[in-house]
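>
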């Protein structure tokens, strides 16, 4: 359901093809929402059927035809209604990495630590990409009013990555100290 509003939000900026929307989604929303490109295309079809967006097919000679989507007034109204709704629900956390961590008691400590070190490296990489993206889009923390949402959510993404890195260090220390206590008891 929220994917619909994410796409409507992207279309408030300008008309776009499904491919362009997928790229924009990856650049601006991947740190707090995920969707596969097939989900995006299916959602665009549904939104067009609902009259929230319209599309125009552009014929191309050397490339496949492309469909350009445009936000309709009905779509803008639906987006505003959703955005201004008073209900705030708890975040829906689904994290495969944490699911794996929840089962660490089944593997040796060394394997758990190696897993956490890889997770930390992955989040360090993501943090670096986020920093580069933010610097290119918001140099020296400057942003325009129409970029407020992207600025705020990209900061959340950056802090989320930082939190993961710090948590990995903490979890590794816990595992090492638990392992040392176990060695002392033997």
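In the working numbering, the protein residues as written are 27 to 212.
Using N, Cα and C, we set each Cβ at its ideal position, and we do this for glycine too.
Any idea if residue 176 is buried or exposed, counting beta-carbon neighbours within 10 angstroms, 16 or more meaning buried?
Your numbering for residue 176 matches position 150 in the chain shown. It counts as buried.
> Measuring alpha carbon to alpha carbon, tell me which residue in 48, 54 and 85 is nearest residue 184.
The residue given as residue 184 occupies position 158 in the chain shown. Measuring from the Cα of residue 184, the nearest candidate turns out to be 54.
> Tell me the start and end of each unbroken alpha helix (DSSP H) in the segment 69–125 that is at least 4 residues and wholly inside, in chain order.
Within the segment 69–125, the complete alpha helix (DSSP H) runs of at least 4 residues are 99–109.
> Roughly how many angstroms separate the alpha carbons of residue 37 and residue 148, rounded to a whole number?
Along the chain shown, one-based indexing puts residue 37 at 11. Along the chain shown, one-based indexing puts residue 148 at 122. Using only the alpha carbons, I get a separation of about 31 Å.
> Report yes if the CB atom of residue 43 is closer than 8 Å to the CB atom of residue 92, and no otherwise.
For this step, residue 43 is matched to residue 17 along the chain shown. For this step, residue 92 is matched to residue 66 along the chain shown. Yes.
> Could you tell me the distance, in whole angstroms, from the CA atom of residue 142 to the CA atom of residue 127?
Here residue 142 refers to the residue found at position 116 of the chain shown. Here residue 127 refers to the residue found at position 101 of the chain shown. The straight-line gap from Cα to Cα measures roughly 9 Å.
> Residues bridged to residue 43 by DSSP?
Locating residue 43 in the chain shown gives position 17, counting from the first residue. For residue 43, which the question treats as bridged, DSSP gives the partners 94.
> Assuming residue 141 is part of the alpha helix (DSSP H), what are its boundary residues?
Against the chain shown, residue 141 aligns to sequence position 115. From DSSP, the alpha helix (DSSP H) with residue 141 extends over 135–163.
> Might you give, ordered along the chain, the residues of its own chain that have their beta carbon closer than 7 Å to the beta carbon of residue 169, omitting 5 neighbours on each side?
For the purposes of this step, residue 169 is identified with residue 143 of the chain shown, where counting begins at 1. Result list for residue 169: 177, in chain order.
> Helix, strand or coil for residue 212 per DSSP?
To locate residue 212, count along the chain shown from 1; it is residue 186. A caution first: residue 212 carries a pLDDT of 49, below 50, which makes its placement in the model too unreliable to give a value.
> Are the Cβ atoms of residue 153 and residue 191 separated by less than 8 Å?
Along the chain shown, one-based indexing puts residue 153 at 127. Along the chain shown, one-based indexing puts residue 191 at 165. Contact flag set, yes.
> Report, in whole angstroms, the separation of the C-beta atoms of residue 182 and residue 57, which I expect to be a contact under 8 Å.
Here residue 182 is taken as the residue at index 156 of the chain shown, counted from 1. Here residue 57 is taken as the residue at index 31 of the chain shown, counted from 1. The Cβ separation is near 7 Å, so the contact holds.
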